[in-house]
Amino acid sequence: MTTLVPGTARPVSAAAPGPAEPLVLLPGTLCDERVWQPVVCRLLHRPVIVKPLVGESSTAAMARRLLAELPARFSLAGFSLGGIVALEMIAQAPERIARLALVDTNARPDPPANHTARRNAVERAAQLGMERYVSDKLWSVYVSGDHVADEAKRSLVAAMSAAAGLDTFRSQSELAISRADSRPRLGAIRVPTLVLCGAEDKLCTPAVHEEMAAGIPGARLVQVPRTGHFALIEDPDAVAAALRDWLDLDIPSHSDVRVKRTAS
Numbered sequence: 050m051t052t053l054v055p056g057t058a059r060p061v062s063a064a065a066p067g068p069a070e071p072l073v074l075l076p077g078t079l080c081d082e083r084v085w086q087p088v089v090c091r092l093l094h095r096p097v098i099v100k101p102l103v104g105e106s107s108t109a110a111m112a113r114r115l116l117a118e119l120p121a122r123f124s125l126a127g128f129s130l131g132g133i134v135a136l137e138m139i140a141q142a143p144e145r146i147a148r149l150a151l152v153d154t155n156a157r158p159d160p161p162a163n164h165t166a167r168r169n170a171v172e173r174a175a176q177l178g179m180e181r182y183v184s185d186k187l188w189s190v191y192v193s194g195d196h197v198a199d200e201a202k203r204s205l206v207a208a209m210s211a212a213a214g215l216d217t218f219r220s221q222s223e224l225a226i227s228r229a230d231s232r233p234r235l236g237a238i239r240v241p242t243l244v245l246c247g248a249e250d251k252l253c254t255p256a257v258h259e260e261m262a263a264g265i266p267g268a269r270l271v272q273v274p275r276t277g278h279f280a281l282i283e284d285p286d287a288v289a290a291a292l293r294d295w296l297d298l299d300i301p302s303h304s305d306v307r308v309k310r311t312a313s
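When you line the sequence shown up against the numbering used here, it's residues 50 to 313, in that order.
Pasting the structure below:
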């Protein structure tokens, strides 16, 4: 198993050279490189860079900083909050990004009614502790019913939240609040784009992804059955298969693809 190193380019397998551009992966809220690990293990021969979303409190500032730190050209995949930042990055520097994958994410702005709820959630997490807050309050909306009882996955997500800590939760909540409405900018995206979600995602619904895919010329829409918001860890086989196609193939036209769930 390959261990991902945040912010570091390294080959997943040394058996064959990777593509010219590295694959940059952005985790979601309270996540680190471990959320991508099950998928990356299935992406052979790819140079990978994982960039945690820390140190900024606005999406625009985070995008600028990451662009300053990354290679001149790369493929970009963002999960959840990482997808929101990815949309900002391609808006700021479209010439830098060779391919774009948006995973369980959202192009819409954060509704003003959410702002107070997000900030209250940070205070609630401060009272309960990060790990307990995520495990007790969020887990049931993070995954599909098929995976609610999966204690290994639950422990992984809770451990990532504990490692991230309260300050990161606070700054990432501000990232989500500050995001732009990316919908008017979708039509300007001119690179092969994958829009992927769990078919049972309660946080960023399939309808949100259908809207994104319809707005991006030539985008490919993949909905992974029997998975929720954390499709990356719920069904990494299906997600990796879609990402392999995205990395290897040009996508000539929009299509709605429903991936059959593969046996683990």
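Don't be surprised by glycine CBs; every beta carbon is placed ideally from N, CA and C.
Quick caveat: nothing in here was measured; it's all calculated off a predicted structure.
- Note on geometry: alpha-carbon atoms of Ala208 and Glu180 lie some 6 Å from one another.
- Of Ala201, Val152, Leu136, the smallest CA-CA separation from Trp295 is found for Val152.
- If you compare the alpha carbons of Leu125, Asp81, Arg113 with that of Pro71, the shortest gap goes to Leu125.
- In this chain, the alpha helix (DSSP H) harbouring Ile282 covers 280-283.
- Scanning the stretch 203-250 for uninterrupted beta strand (DSSP E) segments of 3 residues or longer gives 242-247, listed from N- to C-terminal end.
- In summary, Lys100 is buried, with 16 or more beta-carbon neighbours lying within 10 Å of its beta-carbon over all protein chains present.
- The residue from Arg239, Gly247, Ala112 with its alpha-carbon nearest to that of His196 is Gly247.
- In this structure, the beta-carbon distance from Asn155 to Val257 falls below 8 Å.
- Straight across, the Cα-Cα distance linking Val97 with Cys90 is about 11 Å.
- By the beta-carbon neighbour count (other beta carbons within 10 angstroms, threshold 16), Ser204 is exposed.
- Put simply, the backbone Cα of Ala174 is about 20 Å away from that of His278.
- Bounds of the beta strand (DSSP E) holding Ser124 are 123-128.
- Here the alpha carbon of Leu270 sits roughly 19 Å from the alpha carbon of Pro233.
- For a cut-off of 8 Å, the C-beta gap from Ser227 to Leu136 is around 13 Å, too long to register as a contact.
- With respect to Leu252, Val190 sits close: the two C-beta atoms are nearer than 8 Å.
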